[in-house]
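Enquirer:
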Amino acid sequence: MLAARTGAAGSQIAEEHTKLRKQSGLSIGGKDKSPKKAPENGKDSSLSPSGQSQLRARQLALVREVEMNWYLKLYELSGEHTSACTTGMPHRNLGKSGLRVSCLGLGTWVTFGGQISDEVAERLMTIAYESGVNLFDTAEVYAAGKAEVILGSIIKKKGWRRSSLVITTKLYWGGKAETERGLSRKHIIEEIVRAMTHVINQGMAMYWGTSRWSAMEIMEAYSVARQFNMIPPVCEQAEYHLFQREKVEVQLPELYHKIGVGAMTWSPLACGIISGKYGNGVPESSRASLKCYQWLKERIVSEEGRKQQNKLKDLSPIAERLGCTLPQLAVAWCLRNEGVSSVLLGSSTPEQLIENLGAIQVLPKMTSHVVNEIDNILRNKPYSKKDYRS
């Protein structure tokens, strides 16, 4: 973190910042580069709620461009040095924190230390990293701790700068002993909020968040943090896909606007259900064929599972029209939600990962018309009393 003081150097930077602001204002304006006269009442009455949301988005984009241009000019760099420029991977703030994460991340559940070899894991991380992904997610329970070890070993082997990566891990299901799992003081030093504050103050982590917590639990953690001058959570990791929408679309937006908690979502393909590979049953090499995933197999062959497969068939023409695959459409659909900071991908082969990363190219095609088409097929859009986009 840099703190600039006033003075000669500060004045020079401020002057450069002003110049860059003017330059950026011209580059984003499009056709009309001259400033427009503000309405007398201070508001643009012609803007609809969605138009106001788009205006705020453009304003934020302008601010980010000004900041980036100032930084690059200060250190005599060019835009080619930024990962977003070289890879095309968009980045978003994690909640209302200042942490910038790639809008697509790579998860390690089931795969690292389990379903795939270490060599394939390295290949997946390399593809993700070279595609602009800076967010890698793991947990102490994944493969009994092996996933964390493999991820760390690959980063060390590749020589990637640790400062360029965002690594998230999760605590709860740890070892076999009673004192090695849960969120007790014994397991993570102290009780949850106080423990996470201690971990951050000690430099062992930069931020903390929650995973699969209810909105009430998150709000309680925030209240405790504020009451005792501790550090609150910045994000919730939640399941989100075409068939699971309530929490991310109704509950989390309220938390975002009230306390700044963002959404980091997982399972965009519903554990592979949306990939289309279960359309004619459960393949032997699939995740649902594993003994420990009997619950997934039961979900697929259930009556509700058959209904979901029929809906996926109805969605296929939309994907074809947009020139993408069904998995790419599903991931882009998750990304179209501005409240989602990042979507975690889980892939067992390089081909799957490359396909899913291609959702970035589909995102601009997710117009309101396309989203409405998808909603009409799914018929599961949750009801929200308040529209936070306005």
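Numbering (our numbering), first residue to last: 9 to 398. Note that the Cβ used here is the ideal one computed from N, Cα and C, for glycine as well. For clarity, every value in this text was computed on a predicted model and none was experimentally measured.
Quick check on Ser392: buried or exposed, where buried means 16 or more other Cβ atoms within 10 Å of its Cβ?
Expert: It is exposed - the Cβ of Ser392 has fewer than 16 other Cβ atoms within 10 Å.
Enquirer: Can you check which of these residues, Ile124, Glu138, Thr375 and Leu365, is closest to Pro276 by C-alpha distance?
Expert: Among Ile124, Glu138, Thr375 and Leu365, the Cα nearest to that of Pro276 is on Leu365.
Enquirer: What is the DSSP secondary structure of Leu298, reduced to helix, strand or coil?
Expert: Here Leu298 sits in coil by DSSP.
Enquirer: Starting from the Cα of Glu381, find the closest Cα among Leu353, Ile326, Ile267 and Leu343 and give me that residue.
Expert: Of Leu353, Ile326, Ile267 and Leu343, the residue nearest in Cα terms is Ile326.
Enquirer: Closest to Gly96 by CA distance: which of Glu156, Ala367 and Ile282 is it?
Expert: For Gly96, the nearest C-alpha among the options comes from Ala367.
Enquirer: Look up Asp145 in the DSSP assignment and give the residues it is bridged to.
Expert: BP columns for Asp145 point to Gly115 and Thr176.
Enquirer: Is it the case that the Cβ atoms of Trp274 and Leu352 are separated by a distance below 8 Å?
Expert: Going by C-beta atoms, Trp274 is nearer than 8 Å to Leu352.
Enquirer: Taking DSSP's pairing of strands, which residues face Tyr265 in a bridge?
Expert: Sequence check: residue 265 is His here, not Tyr. For His265, which the question treats as bridged, DSSP gives no partner whatsoever.
Enquirer: Quick check: the stretch 117-128 against the stretch 142-152, are at least 3 beta-carbon pairs closer than 8 Å?
Expert: Verdict: yes, contact present.
Enquirer: Taking DSSP as the reference, what is the three-state secondary structure of Met97?
Expert: It is coil, neither helix nor strand.
Enquirer: For Gly153, name the three-state secondary structure that DSSP assigns.
Expert: Here Gly153 sits in helix by DSSP.
Enquirer: Buried or exposed for Val309, please, with buried defined as at least 16 other CB atoms from any protein chain shown within 10 angstroms of its CB.
Expert: Classification of Val309: exposed, given that the 10 Å Cβ count is below 16.
Enquirer: By Cβ distance, which residues of its chain are closer than 8 Å to Glu225, with the 5 residues on each side in sequence left out?
Expert: Closer than 8 Å at the Cβ level, and outside the excluded window around Glu225, lie Thr218.
Enquirer: Applying the 10 Å Cβ sphere with the 16-neighbour rule, what's the burial state of Arg387?
Expert: Burial call: exposed.
Enquirer: Tell me the start and end of each unbroken alpha helix (DSSP H) in the stretch 198-242 that is at least 4 residues and wholly inside, in chain order.
Expert: The qualifying runs are 200-209 and 223-235.
Enquirer: Give me, in chain order, the residues of the same chain whose beta-carbon lies closer than 7 Å to that of Ile124; leave out the 5 immediate sequence neighbours on both sides.
Expert: Result list for Ile124: Ser356, in chain order.
Enquirer: When you compare only the Cα positions, how much space is there between Arg329 and Cys279?
Expert: Computed Cα separation, rounded: 25 Å.
Enquirer: Helix, strand or coil for Thr357, going by three-state DSSP, please let me know.
Expert: Correct three-state label for Thr357: coil.
Enquirer: Among the residues of its own chain, which have a CB less than 7 Å from the CB of Ser110, if the five just before and after it don't count?
Expert: Closer than 7 Å at Cβ, skipping near neighbours: Met97, His99, Gly140, Val141, Asn142, Leu143 and Ser350.
Enquirer: Let me make sure I understand the geometry here. Which of Ala233, Leu159, Phe251 and Ser297 has the alpha-carbon closest to that of His206?
Expert: Considering only alpha carbons, the answer is Ala233.
Enquirer: Taking 8 Å as the limit between beta carbons, can you name the residues of its chain near Leu334, skipping five residues before and five after?
Expert: Excluding sequence neighbours, Leu334 sits near Ile282, Ser283, Gly284, Leu320, Leu323, Ser324 and Ala327.
Enquirer: Taking the C-alpha atoms as reference points, what is the distance between Arg307 and Gly313?
Expert: Each residue's Cα considered, the two are about 6 Å apart.
Enquirer: Once the 5 residues before and after Arg344 are set aside, which same chain residues still bring their CB inside 6 Å of it?
Expert: Taken in chain order, the residues that qualify are Met374.
Enquirer: Looking at C-alpha atoms only, which residue of Leu260, Ser172 and Arg169 is the closest neighbour of Gly347?
Expert: The candidate whose alpha carbon is nearest that of Gly347 is Leu260.
Enquirer: Should Leu250 go down as buried or exposed, given a rule of 16 or more other Cβ atoms within 10 Å for buried?
Expert: Buried, by the Cβ-count rule.
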